[in-house]
Structures are given as structure tokens and as C-alpha cells.
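Visitor: Below is a structure I'd like to ask you about.
Residue numbers (this note's numbering): 60 to 154.
The structure is reproduced here in C-alpha cells:
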């Protein structure tokens, strides 16, 4: 019976940690997006500036995951996140 209790406690702890990390990731994403939007808005060509940032981010994800042999799921999620940031950044920029 002790194993069940230990397992349940471990699962609950992991759920709490996951929720905390999700909150941290959300806050980081919101702040980062707002910062990048502000930076891009100040540029002469904000869409081009955003494009450079996103291209560099994609290249960095590709490079890091190739070098480290990262899990393909992590790579896919990172590239998906870059696309989400791109959509959010570009949504407030002049065309």
C-alpha cells in the first residue's frame, strides 16, 4: 500500500511542477512577444525585422537540436512555438 501512496504523491508533485513550469512558460512567452513587438515596431521595415528574428530563431532551434540530439518531439514543439511567436508578433505590425 505504501507504494501506491508514494506513487500518488509523486504524480501529484509532478503535476504541480508541470503547472508551475507551464505558468512560467506562459509569462515568459507573453513578455517576450511584447518585447519583440515593441522592437519591431521601431524598425523602418517592421515585417522584415520580424522575419529576421523568426528566421534566426528557427535556425537556432535546428542547430541546437541537431547538435544535442534532442528529442524530435521537443524540436517539433519548439518550431511550432516559433511559428506561434511569429503570428503574435506580426499581428500588431504594420504591413
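The beta-carbon is built from N, C-alpha and C at its ideal position, and this holds for glycine as well.
Would you say residue 96 and residue 141 are within 7 Å of each other, going by their C-beta atoms?
Guide: For the purposes of this step, residue 96 is taken as the residue at position 37 of the chain shown. For the purposes of this step, residue 141 is taken as the residue at position 82 of the chain shown. By the CB criterion at 7 Å, residue 96 and residue 141 fall outside the cutoff.
Visitor: So, is residue 148 buried or exposed, given that buried needs 16 or more other C-beta atoms within 10 angstroms?
Guide: Counting from one through the chain shown, the residue named residue 148 turns up at place 89. Buried is the call here.
Visitor: Tell me whether residue 141 sits in a helix, a strand or coil according to DSSP, three-state version.
Guide: Working through the chain shown from its first residue, we reach residue 141 at position 82. Residue state, collapsed to three classes: helix.
Visitor: Just to confirm the assignment, what range does the alpha helix (DSSP H) spanning residue 101 have?
Guide: Counting from 1 along the chain shown, the entry for residue 101 is found at position 42. Taken as a continuous stretch (DSSP letters only), residue 101 belongs to no alpha helix (DSSP H), as it is neither H nor E.
Visitor: Once DSSP output is grouped into helix, strand and coil, what is the label at residue 85?
Guide: Along the chain shown, read from residue 1 onward, the residue named residue 85 stands at position 26. Residue 85: helix per DSSP, three-state reduction.
Visitor: Excluding the five sequence neighbours on either side, which residues of its own chain have a C-beta within less than 7 Å of the C-beta of residue 153, listed in chain order?
Guide: Translated into positions along the chain shown, residue 153 becomes position 94. 105.
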